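All letters in the sequence shown, in the order written, are residues 169 to 440 by this note's numbering.
Please read the structure below before turning to the comments.
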Amino acid sequence: MRRERATEYIELSVRGEVAVAARHPSQTPCPRCRDAGFLSEQGPSGVLTARPCRCRGIDHRVKAFNHARLPARYLDACLEGFYPRDPSGGEALRRAQELAWTFTPHSKGLLLYGGYGTGKTYLAVAIARVLTLQRGYSVRFVEMTHLLSTLKASIRGEGGEGLALLDQLARADCLIIDELGKGQQTEWSQSVLEELITKRYNASGTLICTTNYDPRRASRGRGQHLEERVDSRVYSRLQQMCALVPLFGGDYRRVAGGEGERPTEPAAAERG
Ligand SMILES: [Zn+2]
Numbered sequence: 169m170r171r172e173r174a175t176e177y178i179e180l181s182v183r184g185e186v187a188v189a190a191r192h193p194s195q196t197p198c199p200r201c202r203d204a205g206f207l208s209e210q211g212p213s214g215v216l217t218a219r220p221c222r223c224r225g226i227d228h229r230v231k232a233f234n235h236a237r238l239p240a241r242y243l244d245a246c247l248e249g250f251y252p253r254d255p256s257g258g259e260a261l262r263r264a265q266e267l268a269w270t271f272t273p274h275s276k277g278l279l280l281y282g283g284y285g286t287g288k289t290y291l292a293v294a295i296a297r298v299l300t301l302q303r304g305y306s307v308r309f310v311e312m313t314h315l316l317s318t319l320k321a322s323i324r325g326e327g328g329e330g331l332a333l334l335d336q337l338a339r340a341d342c343l344i345i346d347e348l349g350k351g352q353q354t355e356w357s358q359s360v361l362e363e364l365i366t367k368r369y370n371a372s373g374t375l376i377c378t379t380n381y382d383p384r385r386a387s388r389g390r391g392q393h394l395e396e397r398v399d400s401r402v403y404s405r406l407q408q409m410c411a412l413v414p415l416f417g418g419d420y421r422r423v424a425g426g427e428g429e430r431p432t433e434p435a436a437a438e439r440g
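Shown next as structure tokens:
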């Protein structure tokens with residue numbers, strides 16, 4: 169019940185590449201306080217006191233959701249909508265639910281790993297949905313290659329969020345890095361990642377990552393290991409900051425029915 173009430177007055181939609189939330193039209197302006205943000209009440213001694221209206225909580229959670237910049241194609245991702253296809257999926261869902269509902273800003277994060285379409289990003293976004301819409305925490309979601317291209321553009325003087333973005337990412341209660349290790353690894357991209365992970369590490373900030381690369385030490389030497397894709401210092405910090413959660417199931421998106429479908433084919437090196 170509590171879970172439903174929290175999002176009852178919030179509407180989700182898509183704006184460009186991101187999912188956005190807004191107060192439901194029936195709540196605009198707020199029928200209880202006409203957007204004053206508080207309600208006055210007469211106390212037992214006849215003195216008027218003001219208490220915050222529930223719309224302030226709604227606005228806070230709407231803002232948190234929009235700040236997260238969750239990808240539009242995962243608009244409907246929610247923990248209740250994830251159907252495990254094998255035991256690893258069931259365990260991953262359990263870990264995701266546990267983190268979402270017991271989260272505090274220094275909670276240990278998750279490193280969700282597995283092949284394409286196993287539902288890693290879906291679960292990460294579903295956690296973000298609970299943290300923002302239900303619990304009002306600040307979350308940031310970034311896709312690794314998108315982050316790098318944004319930073320590159322700002323260095324070339326093409327505007328964008330620029331280097332302030334790294335600070336924003338470092339400060340969120342929970343940071344989600346999608347597709348860790350994807351794309352060409354350069355000295356520069358490695359140093360950006362290291363700076364970001366170090367900032368999170370020093371602040372004991374929660375980190376959730378998804379990756380197609382295997383983070384287990386025992387799996388080394390098959391060309392698909394995470395340690396071959398990120399700097400060894402980053403690799404070792406990830407091991408400390410995140411619990412390793414595998415997803416072995418087949419292509420989740422084909423079963424889930426399309427909304428998570430990606431338009432582009434993965435590069436050969438990145439197929440599981
Ligand atoms: Zn109100």
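Even glycine gets a Cβ: it sits at the ideal position worked out from N, Cα and C.
On a predicted model such as this, the values are computed, not experimentally measured, just so you know.
Could you check if residue i is buried or exposed, using at least 16 other CB atoms within 10 Å of its CB as the buried criterion?
i, result
"Asn370", "exposed"
"Asp254", "exposed"
"Gln302", "buried"
"Ala411", "exposed"
"Pro273", "exposed"
"Gly249", "exposed"
"Gln210", "exposed"
"Arg397", "buried"
"Glu176", "exposed"
"Ile226", "buried"
"Ala332", "exposed"
"Gln195", "buried"
When the Cα atoms are used, what is the spatial distance from residue i to residue j?
i, j, result
"Leu316", "Gly184", "20 Å"
"Arg308", "Ser213", "46 Å"
"Val230", "Ser404", "35 Å"
"Cys377", "Thr217", "46 Å"
"Lys367", "Ile295", "22 Å"
"Leu361", "Ser372", "16 Å"
"Arg224", "Arg237", "21 Å"
"Gly282", "Ile178", "33 Å"
"Gly325", "Pro383", "36 Å"
"Val443", "Pro193", "With the chain covering only 169 through 440, there is no way to say anything about residue 443."
"Ala240", "Trp356", "29 Å"
"Ile365", "Arg202", "44 Å"
"Tyr251", "Ser275", "25 Å"
Using beta-carbon positions only, say whether residue i and residue j come within less than 9 Å of one another.
i, j, result
"Leu280", "Ala260", "yes"
"Thr289", "Ala338", "no"
"Phe206", "Thr300", "no"
"Leu415", "Gly277", "no"
"Glu363", "Leu334", "yes"
"Ile344", "Val293", "yes"
"Asp346", "Thr374", "no"
"Asn380", "Gly349", "yes"
Does any CB atom of chain C fall closer than 9 Å to the CB of residue i?
i, result
"Arg368", "This model lacks chain C altogether; it includes just one protein chain."
Name the DSSP bridge partner or partners of residue i?
i, result
"Val413", "Leu280"
"Glu179", "Ala190"
With residue i and residue j assumed to form a contact (beta carbons below 8 Å), what rounded beta-carbon distance in angstroms separates them?
i, j, result
"Gly351", "Met312", "7 Å"
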